[in-house]
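One structure is given here, and the rest of the page talks about it.
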Amino acid sequence: MTTIQRIWRIKNTLLRLLSTRCLDCGFVAYPPKASCPKCGSRRLIKEELPKIGEVLSYTVINVPLRGFEEFTPLIICLIKLGEAKVLAELVDVKPGNVHIGMKVMATLRRSAKTLDGVIPYVVKFRPLSLGSS
Amino acid sequence: MTKVDKHTETSLRDLAAEAAFKALDEVGNEKPEAVVVGNMLSSLIEQENLAALIADHIGLRGVCGLKVEGACGSGGVAVLAGYSMIASGLYDRVLVIGVEKLLERPTPDTLRGLAYAADADYELIYGVSFAGLNALIMRYYMSKYDVRREELALWSVIMHQNGAKNPYAQLRNEITLETVLSSPVVADPIRLYDACPLSDGAAAVYITSEDWKKVSDTPILVAGVGNAVDSPDLSSRVSLDEFYASRISAEKALRTAKLDIKDIDVAEIHDAYTITAAVSLESIGFAEKGKAAKLWSEGRFRPGDKPTINPSGGLKSRGHPVGATGVYQVVEVAMQLRGDFPGVSVPSEIGLTQNIGGVGSNVTTIVLRR
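Going down the list, the sequences are from chains L and H.
Following this note's numbering, the numbering of the first sequence begins with 953 at its first residue and continues without gaps.
Following this note's numbering, the numbering of the second sequence begins with 567 at its first residue and continues without gaps.
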């Protein structure tokens, strides 16, 4: 389980989906890195990712980490957002209706309580078209 | 090595001692100058400082001691560290012990611990399990290469066939395709029988410099070693259908050994899940991308083939005491080369081990030869 310190520390990155773009080779990384994973350059700028993207892969987890029982079955996706990929939870959809290529958009949702008992909000994703839920 | 099992009656230090004494007995109990311990999660059983704990327990106070961690690849990294200590000229005799007890704590605690190999800030915050991360790779791979579920599941059947003959293996029952396909879904598309079990176990190897190889009647040469890391998170990876670190570490190990992948007779690879076996075989260079499951469906990699992969039964059947697994692999391949492995025997001159931490994020490859 996470802590309120962690949520507080990463809130900007997590809520705005801040990636790093390399000024030398152009590689976009999320989570943001201190140096470019591709060319090693430290000349990076923070860049907000688009909030609409598509599902690259997904899993439906029946045995999530302790503390996430209320979110089970937990749908976790790798989502293509612009030039980057993001791992996040998908909500407002039945597991059987998720598919690769599905268009999704970012939304703010409650997550599991932290060790300190605080209820954090994180970015999750939901289908862009409500008809597909 | 000890049998991989649920060792309720044996403590971590006694498991380590059993494995260490077997290795020491083979070299006439010649005292090592250093002990390197590979372990990932001893904090789960509230014990750190393992090098001191174990060295003291086995009568080696005063030697150099350190613990090495690289998630589920800790054992491989420990062997690499021990080898490096000798290659540097600092020591001539190093005892490397991999040890892990995953079955002492309740399963949810252990599963959470294993997930620590991933990115805590940006992945675990969503409650994703380690199986879940591998499931993302599996679905992507199956979709991209049009690989059928049944083809991947067959890997588990083959591993149980091999492991059934290995007295050190944890799961010695033979299974059918139906066993895999009807087992509970853990993280779709991964089912329980796609996954290795949780395990306790310990294994040890005694590494010497050239000058000291005579302490054994049947020394095996460490011909090459390689390690590479990748991002712990999946999302910033350049490629989702290859383990970059697996490829780099295998290339490095083969290059230092001055050997080619075609020279390998036997290999023990890191099949934590059926998908891990496929991606590893392709990343190491034993199969083309997207083709590994086709090849094993056609009968490749089984006993009698070159290379034979995982005659031990692999992580799936032998078991996966995470920080010990990389050392088990080295012991198993060394025994294959000596001709005294007690399970499926593969007559061989050259062998390879590959041990993976995280979802392909810390990978050690070791090439051994007679």
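Beta carbons: idealized from backbone N, C-alpha and C, even for Gly.
Residues of chain H with a CB under 9 angstroms from the CB of residue i: which are they?
i, result
"valine 1056 (chain L)", "What valine 1056 (chain L) touches in chain H: nothing, since even the nearest Cβ is about 14 angstroms away."
"alanine 986 (chain L)", "Near alanine 986 (chain L) there are no residues of chain H at all, since even the closest Cβ is about 12 angstroms away, more than 9 angstroms."
"isoleucine 1071 (chain L)", "Ordered by position in chain H, no residue passes the 9 angstroms Cβ test against isoleucine 1071 (chain L), which lies about 13 angstroms from the chain."
"serine 1063 (chain L)", "Ile691, Tyr692 and Gly693"
"threonine 954 (chain L)", "Ala686, Asp687, Leu690 and Ile691"
"glutamate 1041 (chain L)", "Tyr692, Gly693 and Val694"
Please name the residue or residues paired with residue i in a DSSP beta bridge.
i, result
"valine 665 (chain H)", "H:Ala768"
"lysine 1076 (chain L)", "L:Thr1059"
"valine 634 (chain H)", "H:Gly604"
"alanine 1036 (chain L)", "L:Leu1033"
"threonine 874 (chain H)", "H:Val832"
Just mark residue i as buried or exposed, buried being the case when its beta carbon has 16 or more other beta carbons within 10 Å.
i, result
"proline 672 (chain H)", "exposed"
"histidine 726 (chain H)", "buried"
"histidine 1051 (chain L)", "exposed"
"proline 984 (chain L)", "buried"
"glycine 1005 (chain L)", "buried"
"proline 598 (chain H)", "buried"
"isoleucine 1071 (chain L)", "exposed"
"proline 1079 (chain L)", "buried"
"cysteine 638 (chain H)", "buried"
"threonine 955 (chain L)", "exposed"
"aspartate 760 (chain H)", "buried"
"isoleucine 997 (chain L)", "exposed"
"arginine 705 (chain H)", "buried"
Cβ closer than 7 angstroms: which chain H residues qualify as neighbours of residue i?
i, result
"phenylalanine 1020 (chain L)", "Gly693"
"glycine 989 (chain L)", "Per the sequence presented here, residue 989 (chain L) reads as proline, with glycine not at that position. Chain H residues near proline 989 (chain L): Ser797 and Ser802."
"arginine 958 (chain L)", "Asp687"
"serine 1023 (chain L)", "Reading off the sequence, residue 1023 (chain L) comes out as phenylalanine, not serine. Chain H residues near phenylalanine 1023 (chain L): Gly693."
"lysine 963 (chain L)", "Per Cβ cutoff of 7 angstroms: no residues; lysine 963 (chain L) is ~11 angstroms from chain H at best."
"leucine 1026 (chain L)", "Gly693"
Anything in chain H within Cβ reach of residue i, meaning under 8 angstroms, just list it in chain order.
i, result
"valine 1015 (chain L)", "Leu677, Ser695, Ala697, Val752 and Ala753"
"proline 983 (chain L)", "Asp685, Asp687, Tyr688, Asp799, Ser801 and Ser802"
"valine 1038 (chain L)", "Ser801"
"valine 1074 (chain L)", "Ile691 and Tyr692"
From residue i to residue j, what distance separates their C-alpha atoms?
i, j, result
"leucine 1042 (chain L)", "alanine 859 (chain H)", "30 angstroms"
"glycine 1069 (chain L)", "glutamate 898 (chain H)", "47 angstroms"
"proline 674 (chain H)", "serine 775 (chain H)", "43 angstroms"
"glutamate 999 (chain L)", "glutamate 612 (chain H)", "42 angstroms"
"aspartate 807 (chain H)", "aspartate 777 (chain H)", "43 angstroms"
"glycine 792 (chain H)", "arginine 935 (chain H)", "15 angstroms"
"valine 713 (chain H)", "alanine 719 (chain H)", "11 angstroms"
"lysine 938 (chain H)", "tryptophan 721 (chain H)", "There is no way to answer for residue 938 (chain H), as the model of chain H reaches only from 567 to 936."
"valine 1038 (chain L)", "tyrosine 982 (chain L)", "6 angstroms"
"alanine 1064 (chain L)", "histidine 886 (chain H)", "30 angstroms"
"cysteine 991 (chain L)", "histidine 623 (chain H)", "47 angstroms"
"alanine 1036 (chain L)", "serine 801 (chain H)", "8 angstroms"
"leucine 702 (chain H)", "serine 709 (chain H)", "11 angstroms"
"aspartate 799 (chain H)", "lysine 1032 (chain L)", "15 angstroms"
"leucine 820 (chain H)", "tryptophan 960 (chain L)", "46 angstroms"
Since residue i contacts residue j with CB under 8 angstroms, what's their CB separation in whole angstroms?
i, j, result
"phenylalanine 1023 (chain L)", "glycine 693 (chain H)", "6 angstroms"
"threonine 845 (chain H)", "tyrosine 711 (chain H)", "Residue identity check: residue 845 (chain H) is valine in the sequence provided, not threonine. Not quite, the Cβ-Cβ distance comes to about 11 angstroms (not below 8 angstroms), so this is no contact."
"alanine 617 (chain H)", "valine 601 (chain H)", "6 angstroms"
"leucine 975 (chain L)", "serine 987 (chain L)", "Actually they are not in contact, since the Cβ atoms of leucine 975 (chain L) and serine 987 (chain L) sit about 12 angstroms apart, beyond 8 angstroms."
"threonine 930 (chain H)", "leucine 918 (chain H)", "In fact, because the Cβ distance is near 11 angstroms, the residues do not count as touching under 8 angstroms."
Using a C-beta to C-beta distance shorter than 7 angstroms, which residues of chain L count as neighbours of residue i?
i, result
"proline 674 (chain H)", "Arg1018"
"alanine 701 (chain H)", "Thr1011"
Could you work out which residues of chain L lie near residue i, taking near to mean beta carbons separated by less than 8 angstroms?
i, result
"serine 709 (chain H)", "Ser1009 and Ile1052"
"arginine 705 (chain H)", "Ser1009, Tyr1010, Thr1011 and Ile1052"
"alanine 681 (chain H)", "Leu1017"
Please tell me whether residue i has its Cβ less than 7 angstroms away from any Cβ of chain A.
i, result
"leucine 1030 (chain L)", "Note that chain A does not occur in the displayed structure, where the protein chains are L and H."
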